[in-house]
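Please read the structure below before turning to the comments.
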Ligand code: UDP
Ligand code: MG
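Put into structure tokens, the structure is as follows:
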């Protein structure tokens with residue numbers, strides 16, 4: 001089953017959105033396969049966002065991610081990478097549809113509450129970085145009620 005890496009950023013944690021965000025993924029029918037609450041250091045944040053290192057917002061982005069604890073998660077399910085991005089909404093909350101996490105809970109691009117992998121391959125890399133021991137392997141007994 002497909003997996004994606006989802007991170008509630010420090011603003012999402014500070015604003016008390018952890019339960020709400022986990023609930024949205026859970027209620028959709030996706031299953032949790034990894035969860036940890038951690039503060040990451042600068043080299044780790046730079047590694048996570050290494051593809052964006054040439055961008056003008058890179059330093060600010062790294063400062064933002066290391067500014068407080070984050071909730072790092074692996075979610076699992078059919079098409080979870082693409083659907084997870086839809087649940088999250090557009091990068092810039094000004095363009096995120098209402099009903100999406102960023103559309104409902106954020107205003108500015110540099111405080112957009114949540115990260116989600118953008119492709120199956122980047123999900124694989126991000127999960128390996130954040131969960132070096134691998135996600136938890138289990139099967140939800142609800143699966144027959146979610147998948148036909
Ligand atoms: N970001 C920013 N300014 C920009 C573009 C992106 O501060 O002009 C931040 C924003 O927090 C975004 C993160 O950098 O979520 C990673 O950018 P990416 O393009 O990968 O967007 P995402 O995949 O998070 O939607
Ligand atoms: Mg991205």
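Residue numbers (the UniProt record's numbering): 1 to 148.
Glycine included, C-beta positions come from ideal geometry on N, C-alpha and C.
Residue 25 is a Cβ neighbour of residue 75, given a cutoff of 7 Å. In this structure, DSSP gives residue 98 an extended state, which the three-state scheme calls strand. Ligand 2 has no heavy atom closer than 6 Å to the beta-carbon of residue 41.
When DSSP states are grouped into helix, strand and coil, residue 36 belongs to the strand group.
Taken through DSSP and simplified to helix, strand or coil, residue 72 comes out as strand. With the rule of 3 Cβ pairs closer than 8 Å, the region 123-136 counts as touching the region 27-42. Taken through DSSP and simplified to helix, strand or coil, residue 57 comes out as coil.
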